[in-house]
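Scroll down for the structure; my scribbles are underneath it.
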Amino acid sequence: QSLAAGSTCKIGAEVTLVISLGKDTIQSIQVSTAPNHKYYLVGDVLDTTGMKIQATYASGKKVTLSSGFNCNPSSLSSAGTKSILVTYNGTSTNFTVEVLGNITASGVCGNDVRWALQKNGQLTVFGVGEMNPKAVGYENGQPWKDYLDNITSVTITDGVTTLSHYAFAYCANLRTVTIADSVTSFT
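Residue numbers (this note's numbering): 4 to 190.
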């Protein structure tokens, strides 16, 4: 006997089979793994590399996705903590990123590591991976060498793994250094 969705079929005296072919709908999504990059400069484009979301369906099924979702805004046009809306199949959630503004100077100090000096004297080193010891060191100077007297505090953000030994040498006005737990070595 052929059955349609929602129909009932009695099999013997004790067993009833109900056929249900309804669509399993998404009840919620959440960011299960944040993107690799959490810090940006004004004007940067959001990079969702490394990000994963988990979709929970009405049936209880959970699916982890690394693509197929949309993030808004994708262009980061103003400074501050920004809420990013993530949407997948009509369901949404949020995560935040930090956009640095009032920049005096900025540049690169590793393959995927950048730096920015804000007008208030805050030097932020951000990105993923190691600071390049050939670009930042005693022999070659620091990429921020023209601003050594302006630097009053340094923050190394989560994601940076290695610092160069002489990265902050000769910063005469440096008073505070904050180093994320992701930093595991000095070269």
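Beta carbons: idealized from backbone N, C-alpha and C, even for Gly. If you're wondering where the values come from, they're calculated on a predicted model, not measured in any experiment.
DSSP state of residue i mapped onto helix, strand, coil
i	result
Y173	coil
S188	strand
T160	coil
Beta-bridge partners of residue i, as assigned by DSSP
i	result
Y150	Looking at the DSSP assignment, Y150 forms no beta bridge with any residue, so it has no partner.
A119	S109, T127
A33	Before going on, a small fix: residue 33 reads as Gln here, not Ala. Looking at the DSSP assignment, Q33 forms a beta bridge with Q57.
T165	E133, S188
T155	T155 is not bridged to any residue.
T28	DSSP output for T28 lists no bridge partner at all.
Buried or exposed (CB count within 10 angstroms, at least 16 for buried), residue i
i	result
R178	exposed
T127	buried
G71	exposed
S193	Outside the shown range of the chain, which is 4 to 190, sits residue 193, and nothing can be said about it.
A175	exposed
F129	buried
A119	buried
Among the options, nearest to residue i - alpha-carbon criterion
i	options	result
D115	T158, Q57, N135	N135
T165	Y43, E101, L68, F189	F189
Y43	S95, L79, S62	L79
G113	T107, G162, G124	G162
(request) Within the stretch 38 to 116, note down every full beta strand (DSSP E) run reaching 3 residues or more, in order along the chain. (result) Whole beta strand (DSSP E) segments, 3+ residues: 42 to 44, 55 to 60, 65 to 68, 73 to 75, 83 to 91, 94 to 103, 106 to 111.
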